[in-house]
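Peer 1:
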Amino acid sequence: MTRRAYLGDLEEIVLLAVARCEPQAYGMRIRQEIEEQTGRSLAIGAVYASIERLEDKGCLKRVAPPAGCDHDPRARRFFAVTAAGARAAQETAAQRDRLWRGLRLRRHSEGS
Amino acid sequence: MTNLARWLLLVALPPDVRCAVQVELDAEYARRITASGAGPARAWYLRQVAGSLGPALAMRGRRLGQVARDAGQDARIGLRLLAHHKTYTAAAVLTLALGIGGTTAVFSVVDAVLLRPLPYRDASRLLRVWSANPRGITRNDISPPDYFDWAERARGLDSLAAMATTGPILTGAGDPVLLTGAAVTANLAGTLGVHPRLGRWFLAEDAAGQGRPVAILSETLWRERFGSDPGIVGRTIVLDSVPREVIGVMARDFVCPTSDTRVWTPLPDASRAQPRGAHFLTAIGRLSPGVSIDAARDTLRGAARVLEAAYPDSNRGWSVTVEPLHAALVGDVRTPLLVLAASVIVIMLIACANVASLTLARGAGRARELAVRAAVGATASRLLRQQLVESALVAAFGGAAAILLAWWSTQFLRTTLSASLPLVDRLALDRRVLMASSALTLAAAVLTGLLPAWQAIRARSHTLLKEGGRSTASGIRARQALVVVQIAAATALVAGGAVLVRSLARLTSVPSGFHADRTLLADVSLPAARYSRETLSPFFDRALERIRALPGVQAAGAGGPLPLSGQNGLLRFGLEVEGRAPSPEGERAYVRWTTPGYFEAMGIPQLEGRTFTAADAAGSLEVCVIDEALGRRLFAGESPIGRRVKSSVQGTVWRTTVGVVGSVRQTSLDRSADPHVYVPEAQFPASALTFVVRSADVSGATASDVRNVMRELDRDLPLSNARSLVDLVAGSTASQRLSTTLLAAFAGVALLLTLVGVYGVVAQTVAHSTRELAVRVALGASGADVVSLTLRRAAMMTIAGVLAGAALAWLATPALRGMLYGVGPHDPIALGVAAVLLIATALGAAYVPARRLLRLDVVHALRES
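Each protein sequence line maps, in turn, to chains A and B. For the first sequence, my numbering begins at 465 and goes up steadily by one. For the second sequence, my numbering begins at 6 and goes up steadily by one.
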């Protein structure tokens, strides 16, 4: 986990969605959150594939279902962002900020 | 539609996420149906599935990659370990190479001979057809008129083809050479479903005797004598001084009737005029579709009964034997081959047991390493996999070495077996054999890996770290069990080998009736086109005269067919004694042609009267010499000298018996001596005889000396089949010799492997019970006591194995019954030999490590532990 994890676009979105949904972060809920916040309608399979990659990178981990969850605990998987995941997300955001810094692109986008 | 989509997605998803995705997707789908109606919900569902299929497959791909990465890691660790434990690796790889290689080689033979169908179209419908003669010989050749009548009458057969072996001399293409040939009917190729490689096969006109004489060459002859000339078709060759047009070339896999057949000529239709008593044709038929072999046999027997009624003089009692062609070709080698296959599988199992045992021993030493790995989180399945990957690596190396070994053995076997085994010339290390070898390698990997892997997992569940990795009692017990199994298997193999060795010893010590040493043989066949009946005898006289003049020659004669040569072994003729009514049964004897000097050259002793001289010529008193066996049968108690006998081969000639010679074994050493009548060649000319040249010492006449003599007399006359009489006798027991040698070799390998197995397990036991033994010594036991205790333990193991092996041998050796001569399958001596050998081997192997205990440093040993 000492290796620095870089997040792809989709991975970043899924990771942030997990963070927003915790402790109720399970596949369909994550998908819904992304749709609500970004308007992108992901396929559930794509969400799971991203989750799996994030798990491998150590950014997400499976957690026990939250207390009082009435779903079958075997069927529904809940996830949480790890410390490494949080670091990776911040790093990705910081990289993006640095790229934006001093860029005039913003005006163009305002103008359109 | 949604159901199909759902099913597709479930198939695409890896099993571990399948349930979660399904439950969530279904729940959301249900929610959407109530929220926004069935139509939009279904559209959403299908979009979800379509978008998920790609990622689902990607997830599967990642898992595969993970497995491959793990396996790669296991393999790297395994290779490093194997490189580190060089002795273990070498021993295990060599042992497996021996086991897999031997099994592969024997499988290649079994496959070529027994399993693979014959190289003919729909070969399972081909039959071999024989005459069954009234004296109980069920596989007799067929007379041409009988064949033609059967072929016309046989219902249920698409066709019935026939052939006779010929021995034409090819001249005009290099040195003259005596070829093995066959005269065949035109329907042979159609019956078998084969086509010539070049040119055409015979047509009915070729057999009818119209047009030019024709011949078809084998690919081998075409290559060796005609340089694979592509324009060979249409060329003329000379066979037995008759020019024949070559009309075709048969490919190498056409081995009908034998693999050494070099030339085919048409069987003339005119041969139908031959007497019905002249049986010399071999027949092959093809069953019509939907007809059973029994039905075909019935119609052929019906045809034979019609002939019996029509020609009672020649055909009374003659019937038909029908057998599938493949079974007929393979004949009696089936049992020896299966015995060898079973033995080599036993070797393979012993080898696997040995490697498993070696691996267990190493596992004991590695217990600490495994415990450490388990402690840092290696799961049971990971440890199991690690062990199996290591075993697979060892097996793969062993398998690779085995293929080299098998390649070499198949080359060796093809040349050594070709004389004694049918179909063996198609033996090759082909795809089938390699597949079998790979399957064996895989089996070896599993067999050698499972027990150690199980031990590794058990070891993991123990708290080995605490005990310093010494909890290996169960490992030793597992190895001891393996060694008992090995000893049992080896005992059974050695017992089987010993029975065969004893049988062969009995067989080869049977007196043949002649002296085989320092005697050279060579066949010569005088072509009828250049040698008339009157010139045959003078030629042999002239040739023998010159041969006797060669330096070192003690005696020389010509005769034939020679005992144990396999030529015309079954041809016996009826006999009548003058002054006696012909007995209803009819006395029968082998009639043999001889020149003066034959008995002396063969070393057949003269017992009474005289043998032939130059005075027994054409036109003088017709004489014969009989052997002791016939003398006893015909003239028990009286002297046969001066009595006259007549044989059916020369219908009207009464011959006066002038001498009695010793009996010889004619067909094989394991059959009792049959009666013989010898006639002088001068009075009953024969065109093909064998020269027998006895030298005074080892540096006597050679084949090339005799060949030179022939060349001086007739430049176009080939001398063929030059060999020693010793070779002839050895050749008659070749198949017994071969199976005995192979089984004895297997027994030797089994013994060697057992030696290694016992040594290993005792060494390990000694190493691990050092503390206990040291305590015993400290309490007053002597070093010798400790050694004998260790040996006693090894002896218990050995005796258990030998007893189990003896029981196994008792059950298994009856399979050898058909291969034995003079010993029973339950031979107590063979079993005793096996038991003694195994016990001696095992105790010897145990003594070496046990002896180390004599130098046991008690204080050191106690402190160490």
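Ideal placement from N, C-alpha and C gives every residue a C-beta, glycine not left out.
Quick one: what does DSSP say Asn726 of chain B is sitting in, helix, strand or coil?
Peer 2: Mapped onto the second sequence, residue 726 of chain B falls at position 721. Residue state, collapsed to three classes: strand.
Peer 1: I'd like to confirm the pairing. Which residues does DSSP put opposite Ala563 of chain B in its beta bridges?
Peer 2: In the second sequence, the residue the question calls residue 563 of chain B occupies position 558. Paired residues: B:Phe696.
Peer 1: Using CA atoms only, rank isn't needed, just tell me which of B:Ser514, B:Gly562, B:Pro601 is closest to Arg699 of chain B.
Peer 2: For the purposes of this step, residue 699 of chain B is identified with residue 694 of the second sequence, where counting begins at 1. Out of B:Ser514, B:Gly562, B:Pro601, B:Gly562 has the C-alpha closest to the C-alpha of Arg699 of chain B.
Peer 1: How would you list, in chain order, the residues of chain B whose beta-carbon sits under 7 Å from the beta-carbon of Ile508 of chain A?
Peer 2: Counting from one through the first sequence, the residue named residue 508 of chain A turns up at place 44. Chain B residues near Ile508 of chain A: Val26, Glu29, Leu30, Gln53, Ser57.
Peer 1: Buried or exposed for Thr420 of chain B, going by 16 or more other Cβ atoms inside 10 Å?
Peer 2: Within the second sequence, the letter at position 415 stands for residue 420 of chain B. With fewer than 16 Cβ atoms within 10 Å of its Cβ, Thr420 of chain B is classed as exposed.
Peer 1: List, from N- to C-terminal side, the beta strand (DSSP E) runs of 3 residues or more that fit wholly inside the region 510 to 544 of chain B.
Peer 2: As far as the region 510 to 544 of chain B is concerned, its whole beta strand (DSSP E) runs of at least 3 residues are 524 to 530.
Peer 1: From the beta carbon of Ala489 of chain A, is the nearest beta carbon of chain B less than 8 Å away?
Peer 2: As a working mapping, residue 489 of chain A is identified with position 25 in the first sequence. Not one chain B Cβ lies under 8 Å of Ala489 of chain A.
Peer 1: In the structure shown, what three-state DSSP assignment does His89 of chain B receive?
Peer 2: Looking up residue 89 of chain B in the second sequence gives position 84. Here His89 of chain B sits in helix by DSSP.
Peer 1: Along the alpha helix (DSSP H) that carries Glu555 of chain A, what are the first and last residues, could you check?
Peer 2: Taking the first sequence and counting its residues from 1, one reaches residue 555 of chain A at position 91. From DSSP, the alpha helix (DSSP H) with Glu555 of chain A extends over 547 to 564.
Peer 1: Find the residues of chain C that neighbour Met6 of chain B, judging by a C-beta separation of less than 9 Å, and give them in chain order.
Peer 2: Annotation note: the requested chain C is absent from the structure, which comprises protein chains A and B.
Peer 1: For my contact list, Arg597 of chain B and Tyr683 of chain B are in at a C-beta cut-off of 8 Å; report their separation, rounded to the angstrom.
Peer 2: Here residue 597 of chain B is taken as the residue at index 592 of the second sequence, counted from 1. Here residue 683 of chain B is taken as the residue at index 678 of the second sequence, counted from 1. The pair is a contact, with the Cβ atoms about 5 Å apart (cut-off 8 Å).
Peer 1: 8 Å is my cut-off, CB to CB: does Arg526 of chain A come that close to chain B?
Peer 2: One-based indexing of the first sequence puts residue 526 of chain A at position 62. By this cut-off, Arg526 of chain A is not an interface position.
Peer 1: According to DSSP, is Glu472 of chain B helix, strand or coil?
Peer 2: Your numbering for residue 472 of chain B matches position 467 in the second sequence. Residue placement at Glu472 of chain B is poorly supported in this model, since its pLDDT is 48, which falls under 50; the coordinates still yield a value, given next. Helix, per DSSP.
Peer 1: Cβ of Met64 of chain B less than 8 Å from any chain A Cβ?
Peer 2: To locate residue 64 of chain B, count along the second sequence from 1; it is residue 59. Cβ-Cβ to chain A under 8 Å: yes for Met64 of chain B.
Peer 1: Tell me whether Ala308 of chain B, by its Cβ, gets closer than 7 Å to a heavy atom of the ligand GTP.
Peer 2: The ligand GTP is not part of the structure shown, which contains no ligands of any sort.
Peer 1: What does Tyr512 of chain A reach in chain B if we use C-beta pairs closer than 9 Å?
Peer 2: The residue given as residue 512 of chain A occupies position 48 in the first sequence. Residues of chain B passing the Cβ test: Leu18, Val22, Ala25, Val26, Ser57, Pro60, Ala61, Met64.
Peer 1: Please list, in chain order, all residues of the same chain as Gly179 of chain B whose beta carbon is under 8 Å from its beta carbon, the five residues on each side excluded.
Peer 2: Here the question's residue 179 of chain B lines up with position 174 in the second sequence. Only Arg230 meet the Cβ criterion.
Peer 1: Is it right to say Met607 of chain B is buried, meaning 16 or more other beta carbons lie within 10 angstroms of its own, or is it exposed?
Peer 2: Start at 1 with the first residue of the second sequence, and residue 607 of chain B comes out as number 602. Buried, by the Cβ-count rule.
Peer 1: Whose CA, out of A:Glu486, A:Gly503, A:Val478, A:Leu506, lies closest to the CA of Glu516 of chain A?
Peer 2: In the first sequence, the residue the question calls residue 516 of chain A occupies position 52. Among A:Glu486, A:Gly503, A:Val478, A:Leu506, the Cα nearest to that of Glu516 of chain A is on A:Val478.
Peer 1: Which residues in chain A have a C-beta closer than 9 Å to the C-beta of Glu374 of chain B? List them in chain order.
Peer 2: Start at 1 with the first residue of the second sequence, and residue 374 of chain B comes out as number 369. Going along chain A, no residue has its Cβ under 9 Å from Glu374 of chain B, so there is no contact; the nearest lies around 26 Å.
Peer 1: If you count every other CB in all the chains shown that lies within 10 Å of the CB of Met353 of chain B, and 16 or more means buried, which is it?
Peer 2: Counted from its first residue, the second sequence places residue 353 of chain B at position 348. Buried.
Peer 1: When you check each C-beta in the region 371 to 405 of chain B against every C-beta of chain A, which residues fall closer than 9 Å?
Peer 2: Going along the region 371 to 405 of chain B in chain order, one finds no residue with a Cβ nearer than 9 Å to chain A.
Peer 1: Is Arg11 of chain B close to chain A? Criterion is C-beta to C-beta, closer than 8 Å.
Peer 2: Here residue 11 of chain B refers to the residue found at position 6 of the second sequence. It does not; no Cβ of chain A falls within 8 Å.
Peer 1: Taking only runs of the beta strand (DSSP E) that begin and end inside the region 320 to 374 of chain B, which ones reach a length of at least 3 residues, in chain order?
Peer 2: Runs found: 324 to 329.
Peer 1: Could you confirm whether any beta carbon from chain A is found closer than 8 Å to the beta carbon of Arg67 of chain B?
Peer 2: Against the second sequence, residue 67 of chain B aligns to sequence position 62. For Arg67 of chain B, the answer is yes, since a Cβ of chain A falls inside 8 Å of its Cβ.
Peer 1: Measuring CA to CA, which of B:Gly501, B:Val650, B:Ala866 is closest to Pro833 of chain B?
Peer 2: Here residue 833 of chain B corresponds to residue number 828 of the second sequence, with the count starting at 1. For Pro833 of chain B, the nearest C-alpha among the options comes from B:Gly501.
Peer 1: Under 8 Å between beta-carbons, which chain B residues line up against Glu516 of chain A? List them in chain order, please.
Peer 2: For this step, residue 516 of chain A is matched to residue 52 along the first sequence. Chain B residues near Glu516 of chain A: Val22, Met64, Arg67.
Peer 1: Given that a residue counts as buried once 16 or more other Cβ atoms are within 10 Å of its Cβ, and exposed if not, what is Trp227 of chain B?
Peer 2: As a position in the second sequence, residue 227 of chain B is number 222, starting the count at 1. Result: buried.
Peer 1: Could you say which of B:Val490, B:Leu398, B:Arg302, B:Leu363 lies nearest to Ile355 of chain B if we only look at CA atoms?
Peer 2: As a working note, residue 355 of chain B is residue 350 in the second sequence. Of B:Val490, B:Leu398, B:Arg302, B:Leu363, the residue nearest in Cα terms is B:Val490.
Peer 1: Around the Cβ of Met255 of chain B, are there at least 16 other Cβ atoms within 10 angstroms (buried) or fewer (exposed)?
Peer 2: The count along the second sequence starts at 1 and reaches residue 255 of chain B at position 250. By the neighbour-count rule (16 or more Cβ atoms within 10 Å), Met255 of chain B is buried.
Peer 1: Of all the CB atoms in chain A, is at least one closer than 8 Å to the CB of Glu777 of chain B?
Peer 2: Translated into positions along the second sequence, residue 777 of chain B becomes position 772. By this cut-off, Glu777 of chain B is not an interface position.
Peer 1: Quick one: what's got a C-beta closer than 8 Å to Gly214 of chain B's C-beta in the same chain, skipping five residues either side?
Peer 2: In the second sequence, counting from the first residue as 1, residue 214 of chain B sits at position 209. Excluding residues within five positions, the ones whose Cβ falls inside 8 Å are Pro273, Asp274, Ala275.
Peer 1: Given that a residue counts as buried once 16 or more other Cβ atoms are within 10 Å of its Cβ, and exposed if not, what is Val219 of chain B?
Peer 2: Working through the second sequence from its first residue, we reach residue 219 of chain B at position 214. Burial call: buried.
Peer 1: Look at the alpha carbon of Ser692 of chain B and the alpha carbon of Thr540 of chain B, and state the distance between them as a whole number of angstroms.
Peer 2: The residue you call residue 692 of chain B lines up with position 687 of the second sequence. The residue you call residue 540 of chain B lines up with position 535 of the second sequence. If you take the alpha carbons of Ser692 of chain B and Thr540 of chain B, they lie about 10 Å apart.
Peer 1: Touching or not, the region 328 to 348 of chain B and the region 427 to 435 of chain B, by the rule of three or more beta carbon pairs under 8 Å?
Peer 2: The region 328 to 348 of chain B, when compared against the region 427 to 435 of chain B, does touch it at the 8 Å Cβ threshold.
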